[in-house]
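In the order they appear, the protein sequences are chains A and B.
Mapping of the first sequence onto my numbering: residues 6 to 367, in sequence order.
Mapping of the second sequence onto my numbering: residues 6 to 367, in sequence order.
Backbone N, C-alpha and C fix where the C-beta goes; we use that ideal spot for every residue, glycine too.
Structure first, then comments.
2 protein chains.
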Amino acid sequence: MLDIKVDLGDRSYPIFIGSDLLGQKDLLKPFIGGQQVLVVSNEVVAPLYLDNLCAALPDIDVDTLVLPDGEQTKSLETLNLIFDKLIGNRHERSTTVIALGGGVTGDMAGFAAACYQRGVNYIQVPTTLLAQVDSSVGGKTAVNHPLGKNMIGAFYQPQCVIADIAALKTLPGRELQAGMAEVIKYGLLGNFTFFEWLETHIDSLMAGDSDKLAEAVKICCEEKARIVAADEREGGQRALLNLGHTFGHAIEAAMGYGVWLHGEAVATGMVMAADLSWRIGHISQADAQRAKHLIERAGLPVVPPADMDAEQFLSLMSVDKKVQAGHIRFVLMRELGDAYVDAKVDEVLLRETLAAGERLCQ
Amino acid sequence: MLDIKVDLGDRSYPIFIGSDLLGQKDLLKPFIGGQQVLVVSNEVVAPLYLDNLCAALPDIDVDTLVLPDGEQTKSLETLNLIFDKLIGNRHERSTTVIALGGGVTGDMAGFAAACYQRGVNYIQVPTTLLAQVDSSVGGKTAVNHPLGKNMIGAFYQPQCVIADIAALKTLPGRELQAGMAEVIKYGLLGNFTFFEWLETHIDSLMAGDSDKLAEAVKICCEEKARIVAADEREGGQRALLNLGHTFGHAIEAAMGYGVWLHGEAVATGMVMAADLSWRIGHISQADAQRAKHLIERAGLPVVPPADMDAEQFLSLMSVDKKVQAGHIRFVLMRELGDAYVDAKVDEVLLRETLAAGERLCQ
Chain A
6 MLDIKVDLGD
16 RSYPIFIGSD
26 LLGQKDLLKP
36 FIGGQQVLVV
46 SNEVVAPLYL
56 DNLCAALPDI
66 DVDTLVLPDG
76 EQTKSLETLN
86 LIFDKLIGNR
96 HERSTTVIAL
106 GGGVTGDMAG
116 FAAACYQRGV
126 NYIQVPTTLL
136 AQVDSSVGGK
146 TAVNHPLGKN
156 MIGAFYQPQC
166 VIADIAALKT
176 LPGRELQAGM
186 AEVIKYGLLG
196 NFTFFEWLET
206 HIDSLMAGDS
216 DKLAEAVKIC
226 CEEKARIVAA
236 DEREGGQRAL
246 LNLGHTFGHA
256 IEAAMGYGVW
266 LHGEAVATGM
276 VMAADLSWRI
286 GHISQADAQR
296 AKHLIERAGL
306 PVVPPADMDA
316 EQFLSLMSVD
326 KKVQAGHIRF
336 VLMRELGDAY
346 VDAKVDEVLL
356 RETLAAGERL
366 CQ
Chain B
6 MLDIKVDLGD
16 RSYPIFIGSD
26 LLGQKDLLKP
36 FIGGQQVLVV
46 SNEVVAPLYL
56 DNLCAALPDI
66 DVDTLVLPDG
76 EQTKSLETLN
86 LIFDKLIGNR
96 HERSTTVIAL
106 GGGVTGDMAG
116 FAAACYQRGV
126 NYIQVPTTLL
136 AQVDSSVGGK
146 TAVNHPLGKN
156 MIGAFYQPQC
166 VIADIAALKT
176 LPGRELQAGM
186 AEVIKYGLLG
196 NFTFFEWLET
206 HIDSLMAGDS
216 DKLAEAVKIC
226 CEEKARIVAA
236 DEREGGQRAL
246 LNLGHTFGHA
256 IEAAMGYGVW
266 LHGEAVATGM
276 VMAADLSWRI
286 GHISQADAQR
296 AKHLIERAGL
306 PVVPPADMDA
316 EQFLSLMSVD
326 KKVQAGHIRF
336 VLMRELGDAY
346 VDAKVDEVLL
356 RETLAAGERL
366 CQ
């Protein structure tokens, strides 16, 4: 088992990475303060792992709540179901909320924990690759608003994160691909060595090689932990984690949340960011194509939706949280493995990227 | 003008107390970071002060949202109206939310600011005595759930608080009384000298004497600032601020939120706490009666609702946030001006208090 520490002063917490961790009571128990637990899961993950997790909590008063699956459930209405359960079953301030599932479950359970009685403990048990490498690290929790993604939320740190690599065996292939988009992101934004490692091992990773997956999750968590420790509330460096997300959020909003998976939208968004980085004169066209090629080998989409035009992109991107004083802020690359924030992108070049469609990076 | 600093490290903020502060742009401007402001007010306060406040923001893009008045509006549904406004008008992360109104407005606007884009700046401009002495200090924000008061919220600090004593001139008498309950609370829980000062000046205060009111607000803010600085997240000392609240919340819940004003319920709750403190053997019966008498002189209710029996009190108090491991935690008094937390109250004595009705402290 691997053990990483996210260093945030009195809000520091460990991430445990390994196979078959989910049912180990010795791992979970030290992080539960009171006598009550609410496990929040979803209808896909619960039948596979809920019993196993609950069996690891023998002396605790455990309630469970199984929510519908999917990004479209990440709403204030669904959040209220968690509050109803906590209040209806008289959970006290010493209770612990455990999120068992993907990023949506983690975001909602984490935000509910942040708000219930103004903050109770929570533990993340991410069961998707996306959640293991990204949404379970860094304390971002949120729900969506009909007009914007992740618009309502909190920065709130868990007591610990348990990333069980064995859970990835039951993950649908499309979800594994979507998670790999965020894995590739860490290579592109700040670690060229890792990008090259991914070029070498992408086929084994996509075939579900546990050792390689554990190594990838570990490196991504370390990269993110380092960035988050330096910038907990997204003043500067943390913004780099949004590589591909400004374009990606627009795709998700245009298609309706959940039609494209988050990772799929980010994948195409990263290809658009590579394309724009090339047009601006930073990375070479060959490097832009190299990024696109790795993303394509992971089975991810590299072409934006055919029915989205530049105007729709611009309109949707201008409500994104990354807007400051009216300027859309893009995360672009100076080189592969070296991202930066650009708030003054030339609109002509931007429109070329938005109109490129199948010819991105060409 | 008086100026108090609430000392919370990098979340420290000032409280300004004085007459006619609300329209002073030099006071407000340094605390507004971006170019956008949303002023949240209610239908009672807005016609009196909204134009005046907006005139103090001449170079800012100001939106306003006027909510219905009253505790029953403090819900997730109303909170969502604030999010709709912020997102619909494309407020960026640099926006500032200003709460103009009483405790309900401050709680909702503050919680919305805590959650919008995971946290934007906010400023409290409390216009009721209750909000000036209590709910605008300390960073507690929340909305109610049908099963419990303030169950969903956040600890979130404002950039500054502007307590305009002139706004109390338009406050209905019943609201002034309700606010005075919290003023008296600070005397009872930790400052006997202030309790005696209140005995001397209660008639001038209730007659609306501005100088005396300013002095009372200042002392209460100092008392609360001191307690909050020592214990921001309610681990210990801060719990003393709940004097009268365990009983009071039960009364509010039983009667339906808004039927009794919060301060009225707390007033009766403090009389019940004095009664129980006497029965347990701490304060003398004379002191319990002295506390009751001051509360009565402020025009506040000192008898719980006739149709609430002990069982209803016990049931409602056991869902309160102050419950730990099944024990109801009461804030009681060793002496007038010296409160403490008691988690092991004798149930026989507690039932005597709950059944005393008109004969509390007798």
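Only counting the same chain, and skipping five residues up and downstream in sequence, which positions put a Cβ closer than 6 Å to that of residue i?
i: Cys225 (chain A); result: Val138, Val188 and Tyr191
i: Met322 (chain A); result: Thr251, Ala255 and Ile333
i: Thr100 (chain B); result: Gly39, Gln41 and Val125
i: Ile170 (chain B); result: Ser24, Ser215, Leu218 and Ala219
i: Met277 (chain B); result: Phe252 and Thr358
i: Ser141 (chain B); result: Gly111, Gln129, Pro131 and Val166
i: Asp74 (chain A); result: Asn47, Glu48 and Val49
i: Met313 (chain B); result: Ala259
Nearest chain B C-beta to residue i closer than 8 Å, yes or no?
i: Tyr121 (chain A); result: yes
i: Ala159 (chain A); result: yes
i: Lys145 (chain A); result: yes
i: Met322 (chain A); result: no
i: Met156 (chain A); result: yes
Excluding the five sequence neighbours on either side, which residues of its own chain have a C-beta within less than 8 Å of the C-beta of residue i, listed in chain order?
i: Pro306 (chain A); result: Trp265, Glu269, Ala272 and Thr273
i: Pro63 (chain B); result: Lys30
i: Leu245 (chain A); result: Leu194, Gly195, Ile232, Val336, Ala344, Tyr345 and Val346
i: Ile285 (chain B); result: Leu337, Asp347, Val350, Asp351 and Leu354
Between residue i and chain A, is any beta-carbon pair separated by less than 8 Å?
i: Ile128 (chain B); result: no
Is it buried or exposed, residue i, if we count other Cβ atoms within 10 angstroms and call 16 or more buried?
i: Ser209 (chain B); result: exposed
i: Lys162 (chain B); result: In the sequence under discussion, the amino acid at residue 162 (chain B) is Gln, which differs from the Lys named in the question. Gln162 (chain B) is buried by the Cβ-count criterion.
i: Phe197 (chain A); result: exposed
i: Thr110 (chain B); result: buried
i: Glu316 (chain B); result: exposed
i: Ala291 (chain A); result: exposed
i: Gly106 (chain B); result: buried
i: Asn94 (chain B); result: exposed
i: Thr205 (chain B); result: exposed
i: Arg339 (chain B); result: exposed
i: Arg123 (chain B); result: buried
i: Glu180 (chain A); result: buried
i: Glu363 (chain A); result: exposed
i: Met275 (chain A); result: buried
i: Glu97 (chain A); result: buried
i: Gly14 (chain B); result: exposed
Name the chain A residues whose beta carbon is nearer than 7 Å to that of residue i?
i: Asp152 (chain B); result: The question names Asp, yet the displayed sequence has Leu at residue 152 (chain B). Simply Ile92 and Gly93.
Give me the chain A residues within the contact set of residue i, using Cβ-Cβ distance strictly less than 9 Å, ordered along the chain.
i: Met275 (chain B); result: By Cβ distance, chain A contributes nothing, its closest Cβ being about 23 Å from Met275 (chain B), past 9 Å.
With a threshold of 7 Å on Cβ separation, who are the neighbours of residue i within its own chain once the five nearest residues in sequence on each side are excluded?
i: Thr78 (chain B); result: Leu72 and Val109
i: Gly28 (chain A); result: Asn57, Leu58, Ala60 and Ala61
i: Leu299 (chain B); result: Ile189, Leu203, Glu204 and Ile207
i: Arg243 (chain B); result: Ile232, Val233 and Asp236
i: Pro310 (chain A); result: Ile256, Ala259 and Met260
i: Phe200 (chain B); result: Gly192, Leu193, Leu341 and Gly342
i: Leu84 (chain A); result: Met113, Phe116, Ala117 and Val148
Checking contacts by CB at 8 Å: is residue i closer than that to chain D?
i: Gln162 (chain A); result: Looking for chain D here will not work: the only protein chains present are A and B.
Residues in the segment 65–96 of chain A having any Cβ partner in chain B nearer than 7 Å: Leu81, Asn85, Phe88, Ile92, Gly93 and Arg95
Against chain B, which members of the segment 100–113 of chain A pass a CB distance test of less than 8 Å? none
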